[in-house]
Amino acid sequence: MKCKEIEVRIFYYLEGQLSKKESGEFEKHLEQCNGCRKELKENKKLLATMDTVEPENPGTGHKQSFEKMLEREKQGLVKSDSSKVQPLFWKTAFQIAASILLVLCGYLYGEHRGTQDAQLQIAQLTQQSQELKTDMTLAMMDNRSASKRIQAVNYSEEIHMPENKVLEAIIGRLHNDDNVNVRLAAAASLSRFQENRLVKDAFIKALETEGNPDVQIAVIQFLAYVKEERSVTPMKKLLNKPDVPDYVKLQVNEGLAQIL
Amino acid sequence: MKRTSILCLAFMLIGVLASAQEEFKKSLSGISRIEIETGTSVSLKKGTTNQLIIKEGCSNCGNEDEPVTGWEASNEITDEKAKGLTPIYAGGEDNTGTGMYLEQDGEVLRLTDLKSFYKRMGLTITIPASVSLKINCGNLGNASVEGLTNELEINTNVGYIKLNNVTGPVTAHSATGNIDAIFTSVNQTAPISISSSTGMIDVSLPTNTKASVALSSTMGSVYSNFDLVGPREDGLKAIGGNKSISGNINSGGVKIALKASIGNIYLRKK
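Given below as structure tokens:
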């Protein structure tokens with residue numbers, strides 16, 4: 001056994017807790033080692049001293065005062081509990097409110113973003129459909145089928161702000177289409193551009209060239225509605241033409257009354 | 001007087017029989033559209049074969065209303081001086097034997113009537129339903145169409161237009177004639193547009209038709225038993241003077257425009 005092991009086992013040895021073999025080895029080392037013998041001696045002395053100290057007993061008043069103290073402490077605890085519950089409630093309420101607010105903010109933000117995205121998408125789609133309608137209008141405008149040409153003119157009505165080339169294509173139909181119904185559809189479609197110079201000029205020209213009474217009436221009604229003064233002279237010319245039917249002349253007179 | 005009228009009638013009958021024998025047939029393979037320019041009344045029918053058949057004369061196309069004078073009828077058959085000669089026309093060569101000039105331009109077949117209105121007793125033209133048709137009946141001719149389900153483009157001046165059992169698309173215009181159209185169904189691919197300056201327009205549609213209709217008569221009235229004009233919010237009755245009436249039938253569909261200047265417009269449930 002080495003000195004270090006002896007040191008660890010000193011108390012076990014003194015209290016007789018070591019096995020026979022171990023205590024034999026312990027005593028064998030002690031015979032040879034001076035330092036360890038001295039160590040054992042001091043420890044033996046410490047134990048003997050500890051045994052001589054009388055255990056202190058608590059005084060009789062202690063127990064009572066302890067129970068009083070406990071009681072006081074309990075009451076204080078109850079008191080502080082009731083005073084603590086109130087701030088705890090408010091705190092929780094604030095926490096709940098804050099989380100609701102957070103969720104609400106998130107929702108509103110998401111909603112806002114969502115509608116923004118949707119609005120952007122709708123705007124893009126609208127633009128695309130407008131472009132598509134422009135293309136379709138222009139592509140179908142020269143179709144051999146009169147019905148398709150009318151469809152083209154109708155498509156143009158769904159374009160909010162048609163480009164000039166669309167307007168010119170419709171004006172071309174109003175002036176040159178050999179089908180009356182296509183010319184009528186063109187006149188009806190152009191009638192919504194009451195402020196457009198190009199359209200007004202086209203109607204004034206149609207007043208001079210158009211031979212069909214139906215289209216003439218549509219043209220006269222538009223020009224009278226927008227009170228186009230430049231149309232007065234060509235209208236008066238119509239009144240003097242013998243081949244213009246009376247009911248067209250009636251419309252001319254009504255139109256002139258509206259303009260002047 | 002009595003004798004001459006009997007004679008006239010006899011001549012007329014012979015004339016009709018003689019002209020009825022004239023018939024022209026042509027296969028329409030590769031043809032998608034026929035354009036006819038004439039001055040007489042035409043009855044157009046749906047054929048069962050893929051052929052164009054032109055016959056002289058027509059029944060139920062308005063000609064019986066117009067009395068044929070004896071001079072015209074007799075002139076047709078007493079023309080023995082023309083024997084050995086072929087009629088020639090200012091408008092072009094008669095390459096059909098019926099006084100019509102026929103010309104093919106790609107998928108389009110053009111027929112131009114070379115005879116004047118006075119020489120015609122009407123025409124009966126049979127075409128398959130697969131071709132679209134454009135016809136101009138000149139100044140006085142009527143057009144009556146039965147059972148053609150492709151696109152129709154019809155123009156008359158004084159003559160009436162009668163469309164029976166059609167589906168559209170239809171583009172029809174008459175300056176003074178009435179236009180009657182009975183649809184069996186309505187093709188949704190292209191709009192229907194019917195206009196007459198002084199004539200009346202009478203259109204019958206199946207009750208379940210899907211359409212967006214626009215009806216306007218400048219000086220006439222508009223009648224319909226379709227529910228087109230909703231009650232006004234202020235409780236006043238809507239009065240359609242010089243205003244276009246538009247509305248959807250069965251929540252809307254192909255556009256149907258009926259426009260008259262003086263005549264009335266009638267839109268009926270079939």
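Taken in sequence, the protein lines are chains W and G.
Residue numbering for the first sequence follows the UniProt record's numbering, starting at 1 and increasing by one per position.
Residue numbering for the second sequence follows the UniProt record's numbering, starting at 1 and increasing by one per position.
Idealized CB from N, CA, C, for every residue including glycine.
All of these numbers come straight from a predicted model, not from anything done at the bench.
- Name the two residues that bound the continuous beta strand (DSSP E) containing Asp-202 (chain G). Element bounds for Asp-202 (chain G): 201-205.
- Query: By a C-beta neighbour count over all protein chains shown, 10 Å radius and 16 as the cutoff for buried, is Ser-59 (chain G) buried or exposed?
  - Reply: Exposed.
- Item | Contact with chain W by residue 289 (chain G), beta-carbon distance below 8 Å | Here chain G comprises residues numbered 1 to 270, so residue 289 (chain G) is not present and cannot be evaluated.
- Local conformation of Asn-164 (chain W) per DSSP, three classes: Of the three classes helix, strand and coil, the one that applies to Asn-164 (chain W) here is helix, per DSSP.
- Within chain W, the residues that Ile-262 (chain G) reaches when beta carbons sit closer than 7 Å: Ordered by position in chain W, the residues that pass the 7 Å Cβ test against Ile-262 (chain G) are Tyr-247.
- From the DSSP output, in three-state form, read off Arg-113 (chain W) for me. Taken through DSSP and simplified to helix, strand or coil, Arg-113 (chain W) comes out as helix.
- Message: Under 8 Å, with one C-beta from each stretch per pair, do the segment 138-158 of chain G and the segment 122-130 of chain W reach the 3-pair mark?
- Response: The segment 138-158 of chain G makes no contact with the segment 122-130 of chain W: fewer than 3 CB pairs, one atom from each, lie closer than 8 Å.
- Query: How big is the Cα-Cα spacing for Thr-176 (chain G) and Leu-133 (chain G)?
  - Reply: Going from the Cα of Thr-176 (chain G) to the Cα of Leu-133 (chain G) covers about 22 Å.
- Message: Helix, strand or coil, according to DSSP, for Asp-180 (chain G) in the structure here?
- Response: Correct three-state label for Asp-180 (chain G): strand.
- Under 8 Å Cβ-Cβ, which residues of chain W neighbour Met-121 (chain G)? The contacting residues do not exist; Met-121 (chain G) stays about 28 Å from chain W at best.
- Query: According to the neighbour-count rule (16 or more other Cβ atoms, all chains shown, within 10 Å of its Cβ), is Lys-44 (chain W) buried or exposed?
  - Reply: So Lys-44 (chain W) counts as exposed.
- Segments assigned beta strand (DSSP E), at least 3 residues, entirely inside the segment 28-56 of chain G: Listed in chain order, the complete beta strand (DSSP E) runs (minimum 3 residues) inside the segment 28-56 of chain G are 33-37, 42-46, 51-56.
- Query: Among W:Ile-204, W:Thr-209, W:Val-226, which one has its Cα closest to the Cα of Arg-192 (chain W)?
  - Reply: Of W:Ile-204, W:Thr-209, W:Val-226, the residue nearest in Cα terms is W:Val-226.
- Message: Can you list, in chain order, the residues of its chain with a C-beta nearer than 7 Å to that of Asn-250 (chain G)? Leave out the 5 residues immediately preceding and following it.
- Response: Cβ neighbours of Asn-250 (chain G) beyond the five flanking positions: Asn-208, Thr-209, Lys-210.
- Message: My parser needs the alpha helix (DSSP H) runs of 4 or more residues fully inside the segment 211-247 of chain W; what are they?
- Response: Segments of the alpha helix (DSSP H) lying fully in the segment 211-247 of chain W: 213-225, 232-240.
- Item | Bridge-paired residues (DSSP) for Met-100 (chain G) | DSSP lists G:Asp-113 as the bridge partner or partners of Met-100 (chain G).
- Interface residues of chain G around Asn-154 (chain W) at Cβ under 7 Å? Within chain G, the residues placing a beta-carbon under 7 Å from that of Asn-154 (chain W) are Pro-191, Lys-255, ordered along the chain.
- Message: Applying the 10 Å Cβ sphere with the 16-neighbour rule, what's the burial state of Met-200 (chain G)?
- Response: Answer is buried; the Cβ neighbour count reaches 16.
- Candidates G:Met-219, G:Lys-270, G:Thr-112: closest to Glu-254 (chain W) by CA position: Closest by alpha carbon: G:Met-219.
- Task: Kindly say whether Pro-242 (chain W), judged by its beta-carbon, lies nearer than 8 Å to any beta-carbon of chain G.
- Result: Chain G places no beta carbon closer than 8 Å to that of Pro-242 (chain W), leaving this residue out of the contacts.
- Task: Look at the alpha carbon of Gln-188 (chain G) and the alpha carbon of Gly-172 (chain W), and state the distance between them as a whole number of angstroms.
- Result: Their Cα atoms are separated by approximately 26 Å.
- Task: Determine the chain G residues that contact Val-180 (chain W) at a beta-carbon separation under 8 Å, and present them in chain order.
- Result: Annotation: Cβ neighbours of Val-180 (chain W) in chain G (cutoff 8 Å, chain order): Asn-155, His-173, Ser-195.
- Alpha carbon to alpha carbon, how far is Ile-161 (chain G) from Asp-177 (chain W)? The straight-line gap separating the alpha-carbon atoms of Ile-161 (chain G) and Asp-177 (chain W) is approximately 21 Å.
- Message: Would Pro-213 (chain W) pass as an interface residue toward chain B - the criterion being a Cβ-Cβ separation below 8 Å?
- Response: No chain B is present in this structure, whose protein chains are W and G.
- Query: Using a Cβ cut-off of 8 Å, which residues of the segment 198-211 of chain G contact any Cβ in chain W, in chain order?
  - Reply: So the close ones are Thr-198.
- beta strand (DSSP E) runs wholly inside the segment 41-109 of chain W, at least 3 long, in chain order: Whole beta strand (DSSP E) segments, 3+ residues: zero.
- Query: In terms of residue numbering, what span does the beta strand (DSSP E) encompassing Thr-124 (chain G) cover?
  - Reply: That run of the beta strand (DSSP E) goes 123-127.
- Item | Beta-carbon neighbours of Thr-167 (chain G), restricted to chain W and to distances below 7 Å | Per Cβ cutoff of 7 Å: no residues; Thr-167 (chain G) is ~12 Å from chain W at best.
- Item | DSSP-derived helix/strand/coil call for Thr-134 (chain W) | For Thr-134 (chain W), the secondary structure class from DSSP, reduced to helix, strand or coil, is helix.
- Query: With distances taken between CB atoms, is the gap from Ala-152 (chain W) to Met-161 (chain W) smaller than 8 Å?
  - Reply: No, they are not a contact pair.
- Which same chain residues, not among the five before or five after Gly-252 (chain G), have their C-beta less than 8 Å away from its C-beta? Once the five neighbours on either side are set aside, the close Cβ partners of Gly-252 (chain G) are Lys-210, Ala-211, Ser-212.
- Host alpha helix (DSSP H) of Thr-86 (chain G) (start-end): Unbroken run through Thr-86 (chain G): none, as it is neither H nor E.
- For Lys-236 (chain W), count neighbouring Cβ atoms within 10 angstroms of its own Cβ and tell me buried if that reaches 16, exposed if not. Counting of Cβ neighbours within 10 angstroms places Lys-236 (chain W) among the exposed residues, the total staying below 16.
- Message: Looking at chain G, is there any beta carbon in it that lies within less than 8 Å of the beta carbon of Ile-170 (chain W)?
- Response: Interface annotation, Ile-170 (chain W): not in contact with chain G, CB-CB separation never under 8 Å.
- Item | Residue-level contact to chain W via CB, Ser-221 (chain G), 8 Å cutoff | No, Ser-221 (chain G) lies away from the interface with chain W (no Cβ there is under 8 Å from its Cβ).
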